[in-house]
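Remember, the numbering used here sits 24 above the position in the sequence shown when you count from 1. I have placed the structure first, in the form of C-alpha cells, so that the comments after it can refer back to it.
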Amino acid sequence: MKGLIFSVKRYSVHDGPGIRVTFFMKGCPLSCWWCHNPEGISPEQQTVIQTRKVGEKEFSRREIVGRYYSIDELLEILDRERIFLEQSGGGVTFSGGEPLMQPEFLLEALKACHEKGYNTAVDTSGYSSAESFLAIMPYTDVFLFDLKHTDDNLHLEYTGVSNIRILENLRMITGMGKSVIVRIPVIPGINDDDLTLRSMRDLLGSLNRENPVSISLLPFHKIGMTKYGKFGLQYRMNNTIPPTSKRMNEFKLFFAETGLKVKTGG
Ligand code: SF4
C-alpha cells in the first residue's frame with residue numbers, strides 16, 4: 025500500500041508536541057481562500073513548471089508534485105530521526121491537504137508508527153466521515169483540528185464546504201476524551217469579527233476537556249501566495265493584511281477566557 029505525499033518536513037516544531045517529522049499528504053476536500061499549501065489540494069500527482077532566475081537568465085524545468093511512499097519508507101525516515109523525536113517528546117504528524125482523504129493508507133501508517141512507539145498526530149480539517157475518525161482514533165495520540173468558522177454559510181463561502189460535519193466530529197473527538205489542539209487560522213475580515221470570535225469561544229468553552237484540549241491561534245500570512253499561479257489556482261487574499269502581534273495577543277487573552285491553554289502559532 026502506498027500514500028501520495030507532497031512534502032516531508034523534518035525537525036518541525038509547529039505540528040504538535042516536541043520535534044516532529046511531518047508528512048504532508050495530497051488531497052483536500054476544502055479550498056480555503058487563505059490556504060498556504062495549494063499543492064496539497066488536488067488528490068493527484070501534478071506536473072508544474074518551476075522557473076528560476078539566475079542573473080538576467082530565466083531557467084524553467086518540469087517538476088512532479090507528489091510522490092508515492094510505502095509505509096516502510098515512512099518508517100525509515102522516522103527511524104533516522106528517532107533520537108530527536110524521542111528526546112524532545114515529539115513524534116510524527118500526518119498533515120496535508122487532508123490526511124483523511126487517504127483513509128486506508130493513513131490508518132495503516134498510524135498503526136505502524138504506533139507499533140514502533142512513535143507519538144502520532146493527525147492535522148485535520150475535520151471534514152471526513154465519523155467512521156474514518158473512529159477508525160484512526162486508537163492509533164492517534166493527538167489531533168490538530170482546524171476550526172475556521174462557526175457560521176455555516178460563511179464556512180461554505182470561504183472553504184467550499186459546510187461546517188456541520190466538522191463541528192460534529194470535533195464534539196465527537198473531544199467527547200471521547202482525546203487530546204486535541206484546536207487550530208484557528210485568524211483571517212482578517214473573514215473570522216476575526218466580534219460575533220464570530222464569541223461564537224468560537226463559546227463553542228470551545230463548551231467542549232469536554234477530560235483529556236487536554238488547547239487552542240492554537242494561527243495568524244494569516246501570505247507565504248503560499250506565489251504558488252497559486254503554478255497550480256492554475258486563483259489567489260483571493262491579495263488585499264488582506266496579516267494581523268499584528270498586538271492583535272494576536274488580544275485574541276489570545278480573549279480565548280483564554282474559555283479556561284483552555286491558548287498559544288499563538290502552531
Ligand atoms: S483545509 Fe487546510 S489544506 Fe485544505 S484547503 Fe484548507 S487550508 Fe488548505
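Backbone N, C-alpha and C define an ideal beta-carbon position, used for all residues, glycine too.
>> Can you tell me whether Ile73 is helix, strand or coil according to DSSP?
In response: strand
> Straight-line CA distance for Asn177 to Glu132?
Replying inline: If you take the alpha carbons of Asn177 and Glu132, they lie about 35 angstroms apart.
> Among Glu122, Arg207, Gly229, Glu192, which has the Cα closest to the Cα of Asn61?
Replying inline: Glu122
>> Rounding to the nearest angstrom, what Cα-Cα distance links Val210 and Thr174 in this structure?
In response: 13 angstroms
>> Going by beta-carbon coordinates alone, are Ala154 and Met196 separated by less than 8 angstroms?
In response: yes
>> Our contact map puts Leu171 next to Met224 with C-beta atoms below 8 angstroms; I'd like the distance itself, whole angstroms only.
In response: Contact holds; Cβ gap of about 6 angstroms.
> Among Asp103, Ser240, Met125, Asp96, which residue has its Cα nearest to the Cα of Val45?
Replying inline: Asp103
> Rounded to a whole number of angstroms, what is the C-alpha to C-alpha distance between Leu168 and Val286?
Replying inline: Their backbone Cα atoms lie some 13 angstroms apart in a straight line.
>> Looking at ligand 1, does it come within less than 7 angstroms of Leu54, judged from the CB to the closest heavy atom?
In response: yes
> Where does Gln126 land, buried or exposed, given buried means 16+ other C-beta within 10 angstroms?
Replying inline: buried
> For the alpha helix (DSSP H) that Arg260 lies in, which residues bound it at each end?
Replying inline: Here Arg260 belongs to no alpha helix (DSSP H), and DSSP marks it neither H nor E.
> Which whole runs of the alpha helix (DSSP H) in the stretch 93-179 are 4 residues long or more, in chain order?
Replying inline: As for any alpha helix (DSSP H) of minimum length 4 sitting wholly inside the stretch 93-179, the runs are 95-111, 127-139, 154-160, ordered along the chain.
> Between Asp170 and ligand 1, is the CB less than 7 angstroms from at least one heavy atom?
Replying inline: Yes, ligand 1 has a heavy atom inside 7 angstroms of this Cβ.
> Residues in its own chain within less than 8 angstroms of Val185 by CB, not counting five upstream and five downstream?
Replying inline: Pro53, Leu54, Tyr151, His179, listed in sequence order.
> Helix, strand or coil for Arg189 per DSSP?
Replying inline: helix
>> Quick check on Glu281: does DSSP put it in helix, strand or coil?
In response: coil
>> So for Gly229, helix, strand or coil by DSSP?
In response: helix
>> Tell me which residue opens and which closes the beta strand (DSSP E) that Leu54 is part of.
In response: Premise fails: Leu54 is in no beta strand (DSSP E) and is neither H nor E.
> Is the beta carbon of Gly114 less than 8 angstroms from the beta carbon of Ile43?
Replying inline: yes
> Pick from Thr268, Gly40, Phe157, Ile73: whose alpha carbon is nearest that of Glu192?
Replying inline: Comparing Cα positions, the closest option is Phe157.
>> Please determine whether the Cβ atom of Thr183 lies at a distance below 7 angstroms from any heavy atom of ligand 1.
In response: True, at least one ligand heavy atom lies under 7 angstroms from that Cβ.
> How about the stretch 60-75 and the stretch 236-256: do they share at least three Cβ pairs that are nearer than 8 angstroms?
Replying inline: Flag = yes, the stretch 60-75 and the stretch 236-256 touch.
> Under 8 angstroms, do Glu105 and Arg34 count as touching if we go by C-beta distance?
Replying inline: yes
> How about Asn143: is its Cβ closer than 7 angstroms to a heavy atom in ligand 1?
Replying inline: no
>> Between which residues of its own chain and Lys276 is the CB-CB distance below 8 angstroms, once the five residues before and five after are set aside?
In response: Leu241, Val286, Lys287, Thr288
> Measuring CA to CA, which of Asp165, Ser269, Glu97 is closest to Asn235?
Replying inline: Taking each of Asp165, Ser269, Glu97 in turn and checking the Cα distance to Asn235, the smallest one comes out for Asp165.
> What residues are listed by DSSP as bridge partners for Leu241?
Replying inline: Ile208, Thr288
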